[in-house]
Amino acid sequence: MMNILLGIGAILIGVILFMIFRVGTLISVVRGSHHKRAGTSNKVNAALLLVFLVLGTIGAVWSSYSAADDFLPAPVSVHGEQIDTLFWVTMGILCAVFFATHVLLFYFPFKYQFKEGNRAAFYPDNNKLEVIWTIVPAIVLTLLVLSGWKVWRDITADAPQEAEVIEIVGQQFNWWVRYPGKVDKELGAYNFRMIDASNAVGIDLSDEKSFDDFMGPSGELRVPVGKPVLLKIRARDVLHSVYMPHFRLKMDAVPGMPTRFWFTPTKTTAQMRQETNNPDFNYELACTEVCGRGHFSMRLIVVVEEQADYVKWYNTQKPWLASTREDNLQKVPANLREKALQIIGAGDNPSAAVTPVQEPTTEAPVNPAVVKTSTSAQ
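With our numbering applied, the sequence shown closes on residue 1092, and no number is skipped along the way.
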C-alpha cells in the first residue's frame, strides 16, 4: 500500500511541476517575450546540432581507428579474402549514405531554424526524386545481394575431389576429430546407436571403410596449407557451432542434421608466428553457440602445416580400431573381421599392407628417352 501511495504522490508532483512550467509559458506569451525566447533557443539548438555533427563524426572515426586492433584478423583462406572484400564494399556504401543523410539531417534544422516572418514553402511531390531514390538503392542492393550469393554459393558448393576430408563432432564440452585412413582415404559411416565409452563418435564397424579411420590428437586439428579441406560437421547432444575466425569459417553443428564447410588455408601456423612476431600464436576453433556451463572450454588448436609435414604426420597415424582392439574388434561383423585384422596389422606396420600417401616432391622429371635407352642396354 505504501508503494502505491508513493507512486501516486510522484505522479501528482509531476503534474504540478508541468502545470507550473505551463503557467510560466502562458505568462511569457501575455508579456510578448515568447517569440524572443523561442528565437534565442532555436539559434542555440541549431548551433549545437552542428557541433554535435562535427564532434560525433570525429568520435566515430577515432573510435574505429583506436579499436582496429580488436577487429577480425586478416583472412588466411581463399574465400575469406572474398568475404572481407564484400564486407568492406558494403561498409563503404553504408557509411557514405549514412554520412550524406546525417549531414543533411543536422544541416537543415540550422538553415531553416525559426525566424520571425519566415513562411514555409509547400512542396507536395517530385516524381523525378521519387524515381531516383527508389531505383538507385534497388540497383545497389541487388548488386550487393547477388555478389554475396555468388560467394556463398561457391563456399557451400561441393568440395574439390582432392580435398582432405575431416570429420568434427561436437559434444558437451569438447570436440572429436576423425580422419579417413590411408588404406582407402574415405571416412567410414557412423551410427549414433554405436556411441559408447570407447566409440565416442559412433563409428559404424559394419562399414569396412571405417576400419582404417583414426582419431586426431586431443585438442588439435591438423590441416595442410594450400590444399582444400572439407569439414564434415555434426553434434552428439545439443547445438554447437564451429568457428574459425582467421579462416572466416562458421557453421553450426546440429544434432541429427550433418553440415559441412570447405576452405583452403593460405598460411601455415609457422608463417603467422613469424608475421605476428608471436612465437605462441595459434589458430583456433571455438564453439560460438552457448551449449551449457562448460561452453567456454570447447576449443581446438588448429595446426596448419606444409603439405610434406602433414603427409609425414598422416602416415604415422594408427587406425582407431587398432587402438581399441579389445573393445571393438568383437563388434565387427564376422565376415569382415579378417579384413579388419589385416588393417589393424597395417596400422602397426604400414608397409605390410598399405602404400603410404606420397609426400610432395620437387625432383626433376625423368626423361622417358633416358629410361628407354637404359632399359634397352640391360
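Even glycine gets a Cβ: it sits at the ideal position worked out from N, Cα and C.
By Cβ distance below 7 Å, which residues in the same chain neighbour residue i in space, the five residues on each side in sequence not counted?
i, result
"E922", "L1050, K1053"
"L763", "F820, P823, F824"
"T1069", "Note on T1069: pLDDT 43, under 50, position unreliable in the model; the coordinate value appears next. Counting only Cβ-Cβ distances below 7 Å, and skipping sequence neighbours, we find nothing."
"V1071", "The predicted model places V1071 with a pLDDT of 48, which falls under 50 and marks its position as unreliable; any figure quoted below should be read in that light. So the qualifying residues of the chain are K896, V1025, Y1028, N1029."
"A800", "For the sequence presented, residue 800 should be read as Leu rather than Ala. Counting only Cβ-Cβ distances below 7 Å, and skipping sequence neighbours, we find S861, G862, V865."
"H1009", "F887, C1001"
"P754", "As written in the sequence, residue 754 is Thr, which differs from the Pro given in the question. Within the same chain, T754 has no close Cβ partners at all."
"E795", "P789"
"Q985", "none"
"G933", "L1014, I1015"
Can you tell me the Cα-Cα spacing of residue i and residue j, whole angstroms?
i, j, result
"K757", "A774", "26 Å"
"R833", "Q827", "11 Å"
"H816", "F824", "13 Å"
"V883", "L999", "12 Å"
"I909", "V891", "15 Å"
"Q988", "D994", "10 Å"
"T1038", "I917", "12 Å"
"S777", "W1034", "51 Å"
"L726", "F732", "10 Å"
"L719", "I730", "16 Å"
"V952", "S1011", "15 Å"
"A871", "R907", "30 Å"
"M768", "D966", "First, the amino acid is wrong: residue 768 is Val here, not Met. Spanning the two alpha carbons is a distance of roughly 43 Å."
"S912", "N905", "14 Å"
"V811", "L818", "11 Å"
"V803", "D783", "20 Å"
"T856", "R974", "28 Å"
"R867", "A903", "27 Å"
"A724", "I734", "15 Å"
When we look at the beta-carbon of residue i and count the other beta-carbons within 10 Å, is it buried (16 or more) or exposed?
i, result
"E876", "exposed"
"M805", "exposed"
"S1065", "For S1065, the pLDDT reaches just 40, beneath the cut-off of 50, and the residue's location in the model is therefore unreliable, although a value from the coordinates is still provided. Exposed, since its Cβ has fewer than 16 Cβ neighbours within 10 Å."
"K829", "exposed"
"M929", "buried"
"L935", "buried"
"K896", "buried"
"C1005", "buried"
"C1106", "The shown model of the chain, from 715 to 1092, leaves out residue 1106, and the question about it has no answer."
"D926", "buried"
"N991", "exposed"
"Q1031", "buried"
"Y779", "exposed"
"Y837", "exposed"
"P931", "exposed"
"N659", "Past the boundaries of the shown model lies residue 659; the chain is included only from 715 to 1092, so the question cannot be answered."
"P894", "buried"
"P851", "exposed"
"M971", "exposed"
"A1036", "buried"
"N840", "exposed"
"V790", "buried"
"N1042", "buried"
I'd like the list of long-range same chain contacts for residue i, defined as Cβ closer than 8 Å, with 5 residues on each side in sequence excluded.
i, result
"G940", "T978, P979, T980, Q1021"
"G807", "Contrary to the premise, residue 807 reads as Ile rather than Gly in this sequence. These residues qualify, in order along the chain: V854, L858."
"F813", "T771"
"A761", "F824"
"K842", "none"
"G728", "none"
In the DSSP assignment, what residue or residues form a beta bridge with residue i?
i, result
"N832", "DSSP output for N832 lists no bridge partner at all."
"T973", "I947"
"K964", "Y957"
"V879", "L944"
"Y821", "DSSP, once it has assigned bridges, lists no residue as partnering Y821."
"M733", "Answer is none; M733 lacks a bridge partner."
"F928", "Y893"
"Y904", "I917"
"R701", "Nothing about residue 701 can be read from this structure; the chain reaches only from 715 to 1092."
Ordered along the chain, which non-local residues of its own chain (more than five positions away) have a Cβ less than 6 Å from that of residue i?
i, result
"Y1024", "P938"
"A873", "P942, L944, W976"
"A914", "W890"
"V1046", "L919, A1054"
"E1019", "T982"
"V792", "T978"
"I869", "H793"
"P787", "H960"
"Y957", "K964, A1000, T1002"
I think residue i touches residue j, with their Cβ atoms under 8 Å apart; what is that distance to the nearest whole Å?
i, j, result
"W889", "L1014", "5 Å"
"V1016", "Y997", "4 Å"
"I797", "R948", "Contact doesn't hold; Cβ gap of about 24 Å is too wide."
"L901", "E881", "6 Å"
"K946", "S955", "With 8 Å as the limit, K946 and S955 do not qualify as a contact, their Cβ atoms being about 15 Å apart."
"R950", "Q885", "4 Å"
Any heavy atom of the ligand ZN closer than 7 Å to the beta-carbon of residue i?
i, result
"I1058", "This structure does not include the ligand ZN; it has no bound ligands of any sort."
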